[in-house]
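Read left to right, the sequence shown gives residues 34 to 1252 (my numbering). Ideal Cβ positions, reconstructed from N, Cα and C, are used throughout, including at glycine. Keep in mind it's a predicted model, so treat the numbers as computed, not measured. First comes the structure, then the notes that go with it.
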Amino acid sequence: MSQKRVRLIPALLLLTLMGAPALVQPALALSAPELATEVVAAAETRVNASTKEIPIGQESLVVVVGKDNPFRGNLTIAQFAQIFQGKITDWSELGGAPGSIWLIDRPENSDARQALSRYGILSLSDAGTTKNIIRLETDDTTAVVRRLGKDGISYAIANQLTGQTNVRVVNLAAPVSKNSPLPIAAPVTPAPVPKPVTQVPAPQVPVTAPVAPAPVTQVPEAASENAAKPIRSLWFRWLLPLLLVGVVFQWLRRRVAPESPAPDAPLTQAEPAAEMAAAPLEGAIATDPSALLSEGTTLLAAGRYGEAISYFDEALKIQPNFPEAWIAKGKALLKLERLEEALTSFNQATELNANLPEAWIGKGDVLTKLGLPDEAQASYQRVSVAAQPEEATFEVTSETVSKVIPSPEIAPPTVVPLGIVDQSLEVALPEQPSPELAAPEISFKQAFLDSLFRLGKSQETATPQDLYIALASLVRDRLLQLNTPEVHLKQGDRLVGEFSAEYMPGLHLASNLLNADLTDSVGRAMQELQINLDDLLAQEEESGLGRGGLGRLMVCYLEALATAKVPAIGYGIRYEYGIFDQEISNGWQIEIADEWLRNGNPWEVERPELAVEVQFGGRTEAYMDSQNAYRVRWVADEMVRGVPYDTPIPGYKSSTVSLLRLWKAEAAENFSKVLYPSDTEFQGKQVRLKQQFFSVSCSLQDLIRMHLETGGTAATLPDRFALQLNDTDPLIAIAELMRLLMDEQNLAWEQAWQITQSCFAYTNHSLLPEALDYTQYALNLVGALLPRHLEIILEINVRFLEEVRSRFPEDEDRVQRMSLIDERGDRYVRMVYLACLGSHAVNGVSALNTAILQHLLVPDFYELYPEKFSTKTNGVSPRRFLALSNPRLSELITSKIGDRWLTDLNQLSRLEEFADDPAFRSQWQQVKQTMKRELADTIQQQSGVAVDVNSLFDIQAIEIHEHKRQHLNLLHIITLYNRIKANPQLELPSRTFIFSGKAAPDYSAAKLIIKLINAVAEVVNADPAMQGRIKVVFLKDFTIQLSQQIYPATDLAEYISTAGTEACGIGNMITVMNGGLLIGTRDGSNLEIRDAIGTENFFQFGLTVNDILTQRSTYNPGEVYNANAELKQAIDQIAGGTFSNGDTELFQPLIHLMLNWDAHLLLADYASYVACQEQVSQVYADGDRWTRMTILSAARMGQFSADRAVQEYCQDTWGMLKK
């Protein structure tokens, strides 16, 4: 509590100190005359205490509910006691919406609990034993607030709520006992009541133990009607002195307590906000100011500003001349928009030490927000002076103060250009200072040292991990000062919500520095500090929140949307463990838990104030609401709290930043621990469905909250949000949005369905049966976990099938085919059908993918709604997968055509004119050789195998799966091995075959393929006859980071999936952009790449989709095996133990699959594949021809940019024009 004390002499000064509204505290409604009576009575009572010293603080007892609790009524003390005793258990009993009440109780020895006992509300012996009470083990206010949700109620001493933004105080009628240690407080919201009040609680005044509360004033019922006239005259008699003394007090207050009140309304208005003391540090006895600063800084970085201020205040109480603590406090106050207090803090810091840039920057930011540009300009100028007097320059990046201010003593030096904020936005943005991301190195260097200091470290004591965290935290905070989606939403912009189970951002630091145009300047700043930036980059732990192309694609799109200044949030799950770290032991894949959070994640900010509750299980109940409308409520038996974590994904040199908002589940059964739990058993399917629903429910609740907070209504949701469902995981969102609109927002079915369809669009990313089957959940599973959603799905189905019957009468076969419920055998929900029905747009991610959707997967839906279907071919970010991955090639390209290609990839077409330039071809090939040498070093370090950098690097780096056909690649390698063994003089270019990828832990066939790759490598690499001819290598743990080494070094990439099984790869796009060529089937995006770069530059083989459909019924793999001698030899060697030390059983499962089923047509495509590989060898032998083909291919890849893809979505699907 604050130790400031004010001697209160006259009673009127006490009245003014408390403020007239504070004295009219109880929630029992009073008429105006009664209010006046109580004010006077309170004043007279306090005259006797006028010589007492009363601490200014928050010692009131309050009853609280969660911020989002729909209950807005008043409570009496008796009602609150009945809740404690279990006599009132439903909000409807208090006049609220139906729903269970959960009382969050504190330990018996807590101060607040003891106070309740002394009020007589409960006795310690019999309270807290009913089923509706959750007893906390510790007296932790944060834990109380966290558990409140939408249905909880609790109590607290008011000062315990400092910094708690997710809580609301309940209006309470509170007659206070004379022996009570604390008064009960309630917000001031007096309202008329139908009957006169016969007993009025005493006005609330903060007291200490020596000052007893005022006695209860009794107002005779009969006299109440006649009390108006005399009391009104008395009221006006007091009004003028009150106003005059108020003026005096404001002057006094500025003298005694210089900090200004927060703009936000306090939780209880018993005292002025300016005098609110910081909450005590619970459970900590801290006497080290530096330790307190470090703890507070951690809370500040997590966005817990109010709690952080408590630590800073405690540090300053111990050491008032601690400028860094004043700066930190100023930053927290600035975040809370408490501008006057923040200015005071920064002024204190500058008075203590005038050479701290962060203090002057913070002061300038406050002054800018206060609308004082001249004063802000002067403060920003002091940064340069404080940092380096002889080079006093600073580029102010504020939107309101945007000019370079030279020192009066010297001429203006060259200004480092601002790379992150584009001032040409067409949308009106709030006036706020932009982050100094591209400030001169001296400023960034000092900011880095300050960031390190906030970690409690100096440069001498910091580890490389500490240095990395300090730099990452600094960059993250500045990125979050850019225009986030919430900023755009407040300005009326439409927001994109991407729903996906996977996100693979790779390494944030390198990517963010590139997009912020900071790589060189930060590198120089670190160099001046004798810190190697590459060493810091190496400290980052990659988050494995995905297993393949979808995760990479989603982050590419978030980055491209930010580059285009389109506000976007990517929603998903914050998995505690990533996909897994892969090790290879004796040739077998070993899965190691991916503990990517073991060192923390400096790129994310926890947002506990935005937490939501997600329900599971239970039952539904029908009822009639107050408007006599039929309603249904979900009475769940399990509640899980979802807490969001925000990670900024910046655009390239853009003032907009996307957010990756991932949800963490707080539950006994933490199903956000692992990405893609095995769903081969019922329990796995249950966990998978829980994951999917948890993610979408949290996300939709969050979107609706943002919409309502910015003035929207449920009916206008589609006007502000475009929601994209990526792949099958988030499809349950359709039923959940219907539930939220009908059950929570009280919309009718027809309106809710129209809104749902208008909001959602669906992208199909996978054609594999298992990727579609696992979302066909059994009805009993859906009904057990999501009973309300099953009802909604069944109702959607009934209404939809009526439409089908009306459009196609007497066609019951069609009705059965199109039903959302598969009635064959066990009954399942067809979630893909639900997506086609509940979305206004459906797209594939390649032309072939869309054609298969339309004619093979959902042909009936295409026939019924042809206008819904379109193609949006995937694209990748050239910043992430060319500029960042291959800086040497990027520099070469830029030297010839400029750097516009970074945001307009079609500019690459200008490279075609250099394809026949020998000098340029030589430079192009030199870059490739350099990248191959770097990859060869990685191979040597990881596997001990030395490879020839002049050999053809033939690479298949992709998820290990039967349909990817790594074993077809192996059959070709074994064939080459046999040819060389049979003819050592055979002329073939030297080749290094490089594999990389992970197999799902429960996918035995894929894991056996990894074993076969390593077995073939062991035999081939050990054979002297193969030296200088072929090598086989498996690189473990395929990640984004490793892929950024592999793609630039690739000569030939293998995209050889069975035609019709790959929706749209993106690795093939990245390969060609980086100067590699493709060998591939007529599948996925291969066809579009072939058409773009020219058939002459693409090595194509294999059956088409139509070929497969035609031949499938008569295909006999055994006949192919017996008809091709080289194929038979290779398979016999695998089966006979050549690659397994004579073990003939080891690879029999693969042999059986190939010879008896061959679902993925390896044998059918073998001859065509081997012949195509011979063509590859011939072309590679002609170095100039090969190089020319790679240049032309890269030059023609402009259409495969993520920027093009998101622009198509904006224009065609989301109805948003690119700004």
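Check, Outcome
"Which residue's Cα is closest to the Cα of F704: Q560, T496 and I606?", "I606"
"Taking buried to mean at least 16 other C-beta atoms within 10 Å of its own C-beta, is D859 buried or exposed?", "exposed"
"With R652 as the anchor, note down where its beta strand (DSSP E) starts and where it stops.", "R652 to M657"
"Would you say W1247 and V529 are within 8 Å of each other, going by their C-beta atoms?", "yes"
"Please name the residue, chosen from A503, S984, W359 and I137, that lies closest to L1021 on a Cα-to-Cα basis.", "S984"
"For F613, is the classification buried or exposed, using 16 other Cβ atoms within 10 angstroms of its Cβ as the cut-off for buried?", "buried"
"So what does P406 bridge to, in DSSP terms?", "Answer by DSSP bridge pairing: none, since P406 is not bridged."
"Using 8 Å as the limit for Cβ to Cβ distance, is G1108 near chain B?", "Within the model displayed, chain B is absent; a lone protein chain is all it includes."
"Expressed to the nearest angstrom, what Euclidean distance is found between the alpha-carbon atoms of A571 and L915?", "19 Å"
"Is the beta carbon of K1069 less than 8 Å from the beta carbon of G620?", "no"
"Where does D1259 sit, in a helix, a strand or coil, going by DSSP?", "Absent from the model: residue 1259. The displayed extent of the chain is 34 to 1252, so no value can be given."
"If L770 and I682 are in contact, beta carbons under 8 Å, what's the gap, nearest whole angstrom?", "Contact flag wrong, Cβ pair sits at about 25 Å."
"Tell me where the alpha helix (DSSP H) around K368 begins and ends.", "P356 to K368"
"Is G579 buried or exposed, if buried means 16 or more other CB atoms sit within 10 Å of its CB?", "buried"
"Smallest Cα separation from M864: which of L889, L722 and K402?", "L722"
"Quick one: Cα of A324 to Cα of L332, how far?", "13 Å"
"Using only CA atoms, which one of S791, T796, F726 and A747 lies nearest to N759?", "T796"
"Quick one: what's S187 bridged to in DSSP?", "V97"
"Which whole-angstrom value is the C-beta distance of L736 and F754, which I expect to be below 8 Å?", "6 Å"
"Could you tell me how far apart the beta carbons of L1188 and G1135 are, in whole angstroms, since I believe they sit closer than 8 Å?", "That belief does not hold up - the Cβ atoms of L1188 and G1135 are roughly 19 Å apart, past 8 Å."
"Let's see if you can read the secondary structure: which residues bound the beta strand (DSSP E) around G1248?", "No beta strand (DSSP E) holds G1248; DSSP gives it neither H nor E."
"Quick one: what's I110 bridged to in DSSP?", "Paired residues: none, contrary to the question."
"Start and end of the alpha helix (DSSP H) containing P497?", "P497 to L512"
"Which stretch, first to last residue, makes up the beta strand (DSSP E) that contains Y1154?", "No beta strand (DSSP E) contains Y1154, which is instead part of the alpha helix (DSSP H) from P1150 to A1156."
"Taking the alpha carbon of V1239 as the reference point, which residue from T906, S955 and Q352 has its own alpha carbon closest?", "T906"
"Give me the residue from T689, K697, R652 and A597 with the minimum Cα distance to L630.", "K697"
"Just to confirm, is the Cβ distance from Q725 to L814 under 8 Å?", "no"
"Sort E900, S1226, R664 and R527 by Cα distance to L773 and report the nearest one.", "R664"
"Can you say whether E742 is buried or exposed, counting buried as having 16 or more other CB atoms within 10 angstroms of its CB?", "exposed"
"Around the Cβ of W1190, are there at least 16 other Cβ atoms within 10 angstroms (buried) or fewer (exposed)?", "exposed"
"Provide the residue span of the beta strand (DSSP E) that contains V673, from first to last.", "E671 to P683"
"Closest to L1253 by CA distance: which of I825, F841 and D568 is it?", "The displayed coordinates of the chain run from 34 to 1252. Any statement about residue 1253 would go beyond what the structure contains."
"Is the beta carbon of R509 sitting closer than 8 Å to the one on W359?", "no"
"Which residue from T330, Y604 and V1209 puts its Cα closest to that of L695?", "Y604"
"For the beta strand (DSSP E) that A1092 lies in, which residues bound it at each end?", "Per DSSP, A1092 belongs to no beta strand (DSSP E) and is neither H nor E."
"Within a Cβ cutoff of 6 Å, which residues of the same chain sit near L886, ignoring the five residues on either side of it in sequence?", "N797 and G877"
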